[in-house]
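Numbered by mature numbering (1 follows the signal peptide of the UniProt record, and there is no 0), the letters in the sequence shown go through residues -27 to -1, 1 to 236 in order.
Each residue gets a CB set at the ideal place from its N, CA and C atoms; glycine is no exception.
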Amino acid sequence: MSSITFFITYIISSLVLLNNKANLVDAECTGRLGLTRVSEEKFDVVVGDVIKLKAQSTQGGFRYHWSVNGQTLTYGLMRFSPHYVNSNTARGSALEIRDIQRRHGGIYKLKFVDYSNNCQIIDFKVTVSEPTTTTTTTTTTTTTTTTIPTTERRYENEFTPKPNIEPVVGLKKEESDPVTAFITLIVGCFLASTLISSAVLVIAYKRALARRTMQRLSTSSIQKDSYKDDDDDESDVESRKTGSDKVRRHKKRKEDRRYSDDE
């Protein structure tokens, strides 16, 4: 905190010393270097005007410095300002102020320094005022017109023709709105596509159902055939067994007969 206070105090004291030094330098610029005004000394202008402060010297100059109300107009300030345009030559300087505002009024000073560091100061006074406005009053006159109705006398026997009203023939029906027609067309196309897709789905479902039924029937028939083949095989085996038993019995009978004959 103390360092910040010291820094602020140092800046303020430096500014005061610079101001005193500038005033001392201005007081010392009492040389006569032949610097004269080319433009007027006093300018009374209004906001928005353009003025040009110009001075020249009979001797060759080394530096020119412009200031307003004690503030130096540096090169950077005039370079980027839309109001100040500075132009210097070997024997003079000019300061043009464009679109002048109230804040641009005051005392402008031009400091001229030659090659021997001798200097001379010349000043200009600029007064800026607001533009005067003119008030225009317009008077409006209103005219009123009164109309008096007139009454005409009619008699009872006065003939008043009745209006002849003829029937209107050939009237056309109101044409449909194109937007409504377009919407109707879109809805119709949507319904038609829905019906077609539904029919296709039904047909596909029926075909799939029929295919599944055929597969089931073929599977059941194959199973029945296999069962039948198994039964036939079993019957063949039994018949073979029965035949073999008969043969054995016949052989045994023959052997018994043979033994009986031998005895």
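- Given a length threshold of 3 residues, each whole run of the beta strand (DSSP E) inside the stretch 57 to 104 is given here in chain order: 57 to 62, 65 to 70, 79 to 86, 92 to 102.
- Distance from the Cα of S30 is smallest, within the candidate group K227, W39, F85, I73, for F85.
- By the neighbour-count criterion, in which a residue is buried when 16 or more other Cβ atoms sit within 10 angstroms of its Cβ, I176 is exposed.
- Taking F16 as reference, the option from Q188, W39, G79 with the minimal CA-CA separation is G79.
- Here the stretch 43 to 55 does not lie against the stretch 10 to 29, with fewer than 3 beta-carbon pairs under 8 Å apart.
- Counting other Cβ atoms within 10 Å of its Cβ, C92 reaches 16 or more and is therefore classed as buried.
- Excluding the 5 residues flanking it on each side, I95 has same chain C-beta neighbours closer than 8 Å at L8, T9, R10, A28, K82, L83, F85, in chain order.
- In the DSSP assignment, F53 falls within the alpha helix (DSSP H) that extends over 48 to 53.
- Rounded to the nearest angstrom, the gap between the Cα atoms of T167 and A154 is 20 Å.
- Counting of Cβ neighbours within 10 angstroms places F163 among the exposed residues, the total staying below 16.
- Around E69, the same chain offers K25, V58 as residues with beta carbons nearer than 6 Å, after the five sequence neighbours per side are excluded.
- The continuous beta strand (DSSP E) containing Q29 extends over residues 24 to 30.
- Here S166 carries a helix assignment [DSSP, helix/strand/coil].
- As a beta-bridge residue in DSSP terms, S40 pairs with T45, K82.
- According to DSSP, K15 shares a beta bridge with K98.
- Its chain contains G79, Y81 as the residues whose beta carbon lies nearer than 6 Å to that of V41, once the 5 sequence neighbours on both sides are disregarded; these appear in chain order.
- With respect to V101, R75 sits close: the two C-beta atoms are nearer than 8 Å.
- For R10, the uninterrupted beta strand (DSSP E) run begins and ends at 8 to 10, by DSSP.
- Only buried fits S66, as 16 or more other CB atoms lie within 10 angstroms of its CB.
- By the Cβ-count criterion, H223 is exposed, with fewer than 16 other Cβ atoms from all chains shown falling within 10 Å of its own Cβ.
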